[in-house]
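Number of protein chains: 2
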Amino acid sequence: MPKRVDHEHRRQQIAAAVRRIAADRGLEGVSLNEVAAEAGISKGFVQHYFASRDDMLRYATTTLRGALEERIVARSGDGVRVRDLLIALLPLDEAARDDALVANAFLVRALKDPEIACHFRTGHRLLRDTVAALLAAARADGDLVPTVDPATEAVLLLALVSGLADAVLLGYQSGDEAIALIDLHLSRITATRRNPR
Amino acid sequence: MPKRVDHEHRRQQIAAAVRRIAADRGLEGVSLNEVAAEAGISKGFVQHYFASRDDMLRYATTTLRGALEERIVARSGDGVRVRDLLIALLPLDEAARDDALVANAFLVRALKDPEIACHFRTGHRLLRDTVAALLAAARADGDLVPTVDPATEAVLLLALVSGLADAVLLGYQSGDEAIALIDLHLSRITATRRNPR
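These protein sequence lines map, in sequence, to chains A and B. Position 121 of the first sequence, counting from 1, maps to 121 under UniProt numbering, and the rest follow consecutively. Position 193 of the second sequence, counting from 1, maps to 193 under UniProt numbering, and the rest follow consecutively.
Following this line, the structure appears as structure tokens:
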């Protein structure tokens with residue numbers, strides 16, 4: 001059997017187990033025993049790769065951002081509109097739902113752990129800049145109400161989508177209703193609908 | 001010493017301890033030992049008032065809604081505008097910040113526990129109906145763009161404020177920036193600014 005273990009691969013495997021448990025039961029479910037069982041490895045193995053539970057949680061947050069970045073990049077190609085990106089942030093499929101649950105599970109922790117808070121902020125900044133760039137491009141094309149400031153609007157849109165994502169998770173609204181509300185908001189900042197002539 | 005113990009009062013005292021711990025460390029910090037220490041009573045006492053940890057968490061959610069209702073009622077008197085109510089939902093002071101943290105701590109749990117989910121939905125419905133009523137009154141007074149539907153707009157506004165509340169908690173924005181974004185949104189649905197003549 002090969003002696004060499006792919007250290008990073010194993011850490012990612014453990015982080016994936018942390019994410020699955022956090023999505024299912026919140027961080028309170030993330031114990032050394034549960035993570036080992038979920039990852040299908042021994043407790044000692046988990047301890048070999050992470051010095052502490054906090055260490056494991058911090059690493060899991062970095063992989064969370066990775067998933068978000070992948071989803072953004074996948075949606076940021078040519079011709080992608082801001083609407084597509086915003087909808088991609090709603091928990092409409094299993095993967096996005098799990099990501100939203102894990103992000104929520106980590107939120108309270110993020111407020112006490114500067115390292116985790118930093119990962120959250122970096123992820124938010126990336127999103128905000130991406131949305132602002134898409135809005136600026138739309139404005140340059142004359143598709144946006146001229147008074148709309150891309151940077152400000154990006155922050156407003158992301159807050160709206162974040163609130164809608166929680167509302168969908170909690171069953172206050174369906175995914176379709178959330179999309180309709182995004183469209184309602186976008187109709188107010190796009191030039192075509194406001195000046196239809 | 002009086003033998004009679006005020007059962008409900010004691011349960012509220014324990015729930016307050018649960019909320020303080022949840023705001024500080026998330027639900028993962030809520031153990032029997034921690035709650036007893038925080039409430040300044042014995043473990044046996046806690047067990048006397050709650051059959052299980054789940055039972056205790058469920059009760060704590062009901063008291064959470066109580067705090068929200070009080071805040072709404074306090075802001076729903078004559079002459080209260082929707083803006084005031086929305087701003088009251090932002091974590092701008094210690095109490096509102098703790099409430100927001102506790103609600104976040106309970107969110108993942110709410111998705112697995114129908115009873116807690118029910119409390120969340122009832123609280124949201126109350127808020128939505130209150131905001132919709134304020135918007136309907138504003139529309140009747142000619143203060144709203146006539147095409148704005150109060151019920152739909154209430155859901156959109158609450159999603160926006162919920163996202164802004166998380167953003168303020170996480171330090172993405174300051175409280176003042178969040179208020180400015182609420183005002184930006186309200187300026188788009190109020191009649192005066194859109195038709196200034």
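Note that the Cβ used here is the ideal one computed from N, Cα and C, for glycine as well.
Would you say residue i and residue j are within 8 Å of each other, going by their C-beta atoms?
| i | j | result |
| --- | --- | --- |
| Q12(A) | T63(A) | yes |
| V161(A) | L90(A) | yes |
| Y49(B) | R20(B) | no |
| E28(A) | L27(B) | yes |
| L127(A) | P150(A) | no |
From the options, pick the residue whose C-alpha is nearest to that of residue i; which is it?
| i | options | result |
| --- | --- | --- |
| Y59(B) | I41(B), L92(B), H119(B) | H119(B) |
| R53(A) | A67(A), S31(A), A36(A) | S31(A) |
| H124(A) | G142(B), V35(B), G163(B), R125(B) | G163(B) |
| T190(B) | A178(B), Y172(B), A140(B) | A140(B) |
| A95(B) | I116(B), R71(B), P114(B) | R71(B) |
| N33(B) | G44(B), L135(B), E177(B), G26(B) | G44(B) |
| V46(B) | A16(B), P150(B), A138(B) | A16(B) |
| V18(A) | V35(A), H7(A), R25(A) | V35(A) |
| Y172(A) | A136(B), P146(B), D149(B), A117(B) | A117(B) |
| L86(A) | D6(A), P146(A), H7(A), E153(A) | E153(A) |
| D24(B) | A138(B), A88(B), N104(B) | N104(B) |
| A67(A) | D113(A), A88(A), D55(A), M56(A) | A88(A) |
| L181(B) | V148(A), L181(A), E177(A), G175(A) | V148(A) |
| D113(B) | A74(B), P146(B), A138(B), T61(B) | T61(B) |
| D55(A) | G142(A), H7(A), E115(A), T122(A) | E115(A) |
| A22(B) | H7(B), L57(B), E8(B) | L57(B) |
Taking the DSSP output, what are the residues bridged to residue i?
| i | result |
| --- | --- |
| D144(A) | Per the sequence shown, residue 144(A) should be read as Leu rather than Asp. L144(A) pairs with T190(A). |
Compute every distance between the C-beta of residue i and the non-hydrogen atoms of the ligand HEM, then say whether any falls below 7 Å.
| i | result |
| --- | --- |
| L169(A) | For the structure depicted, the ligand HEM is absent and the ligand set is empty, with no information on it obtainable. |
### Task
Count the C-beta pairs between the stretch 153 to 171 of chain A and the stretch 127 to 143 of chain A that are closer than 8 Å, then say yes if the count reaches three, no if not.
yes
### Query
Can you find at least 3 beta carbon pairs, one from the stretch 36 to 55 of chain A and one from the stretch 79 to 95 of chain A, that sit closer than 8 Å?
no
### Query
On the three-pair Cβ rule with 8 Å, is the stretch 172 to 186 of chain B touching the stretch 101 to 119 of chain B?
no
### Query
Does the stretch 165 to 184 of chain A come close enough to the stretch 92 to 107 of chain A to have 3 or more Cβ pairs within less than 8 Å?
yes
### Task
Can you check the stretch 84 to 141 of chain A for any alpha helix (DSSP H) of at least 4 residues that lies completely inside it and give the ranges in chain order?
Complete alpha helix (DSSP H) runs here, min 4: 94 to 110, 114 to 140.
### Query
In the UniProt domain "HTH tetR-type" (8 to 68) of chain A, which residue ranges form an unbroken alpha helix (DSSP H) of at least 4 residues, counting only runs that do not cross its ends?
Counting only runs of 4+ residues, the alpha helix (DSSP H) found wholly inside the UniProt domain "HTH tetR-type" (8 to 68) of chain A occupies 32 to 39, 43 to 49, in chain order.
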